[in-house]
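Accompanying notes for the structure given below.
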Amino acid sequence: MPDLDAETEVYGMDGTKLKPLDTVYTFDQLIDHSNPSLGTFKQRYYFTYQYYLPGGPVVMMTPGENSVDGFYSYLTNGSMVGQIAQQQNGAAIILEHRFYGKSNPYPDLSVKSYQVHSIDQAVNDLVYFSQNVKLAMPGGNQIRSQRNAWILLGGSYSGALTAWTVNSNPDAFWAGYASSAVVQAINDGWMYFEPIRTHMPWNCSADWQALIGHFDKIAFNGTKEEQQSLKTQLGFPNVTYLDDVASALRDPIFMWQDMDPSSGPGEPFYKFCDALETDGNGKVSGPQGFGLNSTIKNFAAWVSTWNAESCGEDDQDACYGSRDPTNPAYSNTTIDQDSRSWQWTTCNFAGWWEVSAPNHYPSLVSRLITPKYDERDLCQNFFPEAYPTLHSANVSYVNNAYGGWHMNADRLIFLNGNRDPWKFATVSSDYINRTSTPNQPITVSDGFHCSDLLTANGEADNTIYKAQQLVLQYMEKWMDDWYTAHPSYPNPTGSALKKKVFG
């Protein structure tokens with residue numbers, strides 16, 4: 001997130017002191033858009049009109065599968081939300097997604113409550129909010145999407161929500177900006193690891209693939225004694241099942257997703273690779289790595305600290321195992337659990353399981369890890385009444401309803417990153433060949449996941465900066481088109497109006 005002191009004073013364009021950016025507002029959102037008689041719930045959001053002038057748009061983002069807490073910093077020009085709002089003299093909103101944080105239609109996260117937790121409901125939330133919110137600003141009950149320009153943006157899942165919503169509700173949102181938007185629901189997400197494998201340090205990639213290949217050789221063909229010896233060598237002697245060890249071996253690779261160009265060499269992923277590729281004398285391996293034996297030894301040393309940090313006082317089977325139905329994590333339905341609400345979405349609608357590559361491809365992940373492993377662990381264990389038997393997410397419904405890779409929406413720009421593990425589910429996926437058009441531009445930077453949403457990453461990487469500038473250029477053009485189509489509205493970016501405001 002952009003760095004921001006919550007105590008920073010905020011002023012409007014006319015010098016009026018505004019409420020702090022971390023002020024939490026609530027909106028009465030429908031519990032069920034297909035049955036409004038069920039009533040409403042309180043949906044939280046942050047809001048500012050520090051950049052707003054009459055006639056300006058509303059720029060809105062949802063943090064998707066995260067609590068909104070702390071996202072008020074995205075209201076500033078440290079993020080692209082604030083950059084667009086500042087450029088276009090618009091208001092800015094960060095809206096919490098249903099079933100995340102404190103925005104809950106019901107008081108728990110049970111399967112019964114989750115019957116109104118769907119992609120359809122989330123899309124309709126964005127539309128209904130834009131058409132009914134009364135913003136805490138002069139004339140705020142009139143600045144709605146039926147009469148004003150609204151711009152929607154987001155990254156990752158919220159980027160997909162942006163694309164799905166703009167595509168399916170063109171009358172609600174004039175323009176959209178989708179960063180790392182996973183628009184295609186896919187059950188087998190093995191391609192998640194390909195950008196990591198091809199962009200991580202070569203020595204680390206070579207040694208890790210060798211370790212995984214060795215692990216699979218013993219997992220599939222070794223004796224019980226050899227398998228137990230392998231678990232002990234790797235630092236998991238008390239994890240009962242090998243596939244649970246295989247799942248734990250994904251954890252350090254997942255750290256790649258948290259990186260940005262502005263992160264620097266101290267990131268946990270790079271520290272992990274340094275641990276594998278540096279010997280006791282401080283010598284760093286060459287491009288081919290140190291080889292299997294050294295990798296096992298170095299990983300075991302690294303994982304001892306990792307286990308202590310990840311598991312605390314829990315034994316290894318309680319920490320990494322997936323076959324104890326009495327594990328309290330499975331039955332905990334208290335609110336404000338982002339991971340539980342996210343699992344419901346992936347289990348039912350999106351898939352996106354980060355699993356091993358097909359047999360003819362190199363893999364950073366053990367072949368023991370398949371979609372069925374994650375469906376059992378993350379779906380059947382957490383939602384047994386909804387999963388008496390294993391079944392996959394209904395991805396065809398989502399793709400048919402919202403267009404997936406093949407959507408064609410007006411005034412929607414996609415930004416993706418070459419180093420983003422989620423690239424496979426975006427319109428820049430290697431699975432397809434989408435052409436960028438003036439009405440639906442597509443551009444790819446050297447960024448990681450959603451890197452272009454933060455201004456600091458543009459300062460660190462010129463390809464991201466150019467992509468961010470492209471967004472601003474298109475937003476300027478599309479807003480000019482809106483003012484041309486709505487001549488009764490003043491264009492606040494014109495110098496005459498600004499001169500009038502400031503006298």
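Numbering-wise, the UniProt record's numbering puts 190 at position 190 of the sequence shown, and it's gapless, one number per residue. By construction, the Cβ of each residue, glycine as well, lies at the ideal position given by its N, Cα and C atoms.
Quiz item: Does the beta-carbon distance from F47 to Y74 come in below 7 Å?
Solution: Not a contact, by the Cβ cut-off of 7 Å.
Quiz item: Who are the near neighbours of V111 in its chain, counting only those whose CB is closer than 6 Å to its CB and skipping five residues on each side?
Solution: Here the set comprises F383, E385 and A386.
Exercise. Pair every Cβ in the region 406-416 with every Cβ in the region 433-449, then say whether three or more of these pairs are closer than 8 Å.
Key: Verdict: yes, contact present.
Self-check item: Beta bridge counterpart(s) of G155 as assigned by DSSP
Solution: Paired residue(s): S179.
Self-check item: F71 - DSSP class collapsed to helix/strand/coil
Solution: Assigned with DSSP and collapsed to three states, F71 falls in helix.
Quiz item: When we look at the beta-carbon of A485 and count the other beta-carbons within 10 Å, is it buried (16 or more) or exposed?
Solution: Using a 10 angstroms sphere on the CB of A485, the tally of other CB atoms stays under 16, which defines it as exposed.
Practice problem: Mind checking who L18 pairs with in its DSSP beta bridge? | Solution: Answer is V10, bridged to L18.
Quiz item: Going by other Cβ atoms of all chains shown within 10 Å of its Cβ, with 16 needed for buried, is N203 buried or exposed?
Solution: Its Cβ being crowded by 16 or more others within 10 Å, N203 is buried.
Self-check item: Reference T162; option with closest CA among S37, V123, V427 and A136
Solution: Answer by Cα proximity: V123.
Exercise. Report, in whole angstroms, the separation of the C-beta atoms of W352 and V182, which I expect to be a contact under 8 Å.
Key: Their Cβ separation, rounded to whole angstroms, is 7 Å, which keeps W352 and V182 in contact under 8 Å.
Self-check item: F502, buried or exposed, once every other Cβ within 10 Å from all chains shown has been counted against 16
Solution: Interpretation of F502 is limited by its pLDDT of 33, a score under 50 that renders its predicted location unreliable; no figure is taken from the coordinates.
Quiz item: Does the distance from the CB of R411 to the CB of W478 come in under 7 Å?
Solution: Inclusion of R411 and W478 in the CB contact set at 7 Å is warranted, their separation being smaller than that value.
Quiz item: Within the chosen definition, does the region 342-352 reach the region 245-257 through at least 3 CB pairs nearer than 8 Å?
Solution: Touching, no, given that fewer than three Cβ pairs across the two stretches are closer than 8 Å.
Practice problem: Using DSSP bridges, identify the partner residues of M60. | Solution: Bridge partners of M60 according to DSSP: I93 and L152.
Exercise. Output the boundary residues of the beta strand (DSSP E) element that contains N416.
Key: Start and end: L412 to G417.
Exercise. Would you mind sorting T455 into buried or exposed? The rule is 16 or more other CB atoms within 10 Å of its CB.
Key: Around the CB of T455, 16 or more other CB atoms lie within 10 Å, so the residue is classed as buried.
Self-check item: Segment contact, 8 Å Cβ cut-off, at least three pairs: the region 336-349 with the region 61-69
Solution: Verdict: yes, contact present.
Self-check item: With 16 other Cβ atoms within 10 Å as the buried cut-off, status of K423
Solution: Buried, because 16 or more other Cβ atoms sit within 10 Å of the Cβ of K423.
Practice problem: Could you pull out every residue in the same chain whose Cβ sits closer than 6 Å to the Cβ of H214, ignoring the five residues on either side in sequence? | Solution: Only L292 meet the Cβ criterion.
Exercise. Go to F382, then tell me how far its beta strand (DSSP E) extends in each direction, as first and last residue.
Key: For F382, no beta strand (DSSP E) run applies, since DSSP gives it neither H nor E.
Quiz item: Does DSSP classify R197 as helix, strand or coil?
Solution: R197: helix per DSSP, three-state reduction.
Quiz item: Starting from R340 and walking both ways along the alpha helix (DSSP H), at which residues does that stretch end?
Solution: Annotation for R340: the continuous alpha helix (DSSP H) segment containing it runs D338 to T345.
Quiz item: What does a CB cutoff of less than 6 Å around P237 pick up in its chain, not counting 5 residues either side in sequence?
Solution: K231, listed in sequence order.
Quiz item: Between residue 558 and W405, what straight-line distance do the alpha-carbon atoms span, to the nearest angstrom?
Solution: Residue 558 lies beyond the stretch modelled for the chain, which goes from 1 to 503, so this question has no answer here.
Practice problem: With Y25 as the anchor, note down where its alpha helix (DSSP H) starts and where it stops. | Solution: Per DSSP, Y25 is not a residue of any alpha helix (DSSP H); the beta strand (DSSP E) it occupies stretches across Y25 to L30.
Practice problem: Taking H117 as the reference, give the member of S130, S103 and V127 with the closest Cα. | Solution: The closest CA to that of H117, considering only S130, S103 and V127, is found on S103.
Quiz item: Roughly how many angstroms lie between the CA atoms of P421 and S247, to the nearest whole one?
Solution: Going by the C-alpha atoms only, they are around 17 Å apart.
Quiz item: In or out: D14 buried (at least 16 other Cβ within 10 Å) or exposed?
Solution: Burial call: exposed.
Practice problem: Quick one: give me the first and last residue of the alpha helix (DSSP H) that Y270 is part of. | Solution: P268 to E277 is the extent of the alpha helix (DSSP H) around Y270.
Exercise. Decide if G375 is buried, meaning its Cβ has at least 16 other Cβ atoms within 10 Å, or exposed.
Key: In the sequence as displayed, the identity of residue 375 is Glu instead of Gly. So E375 ends up on the buried side.
Quiz item: Any idea what DSSP makes of F236, helix, strand or coil?
Solution: When secondary structure is reduced to three states using DSSP, F236 falls in the coil class, being assigned neither helix nor strand.
Quiz item: Distance, Cα to Cα, D452 vs M61?
Solution: Looking at the two C-alpha atoms, the distance is approximately 14 Å.
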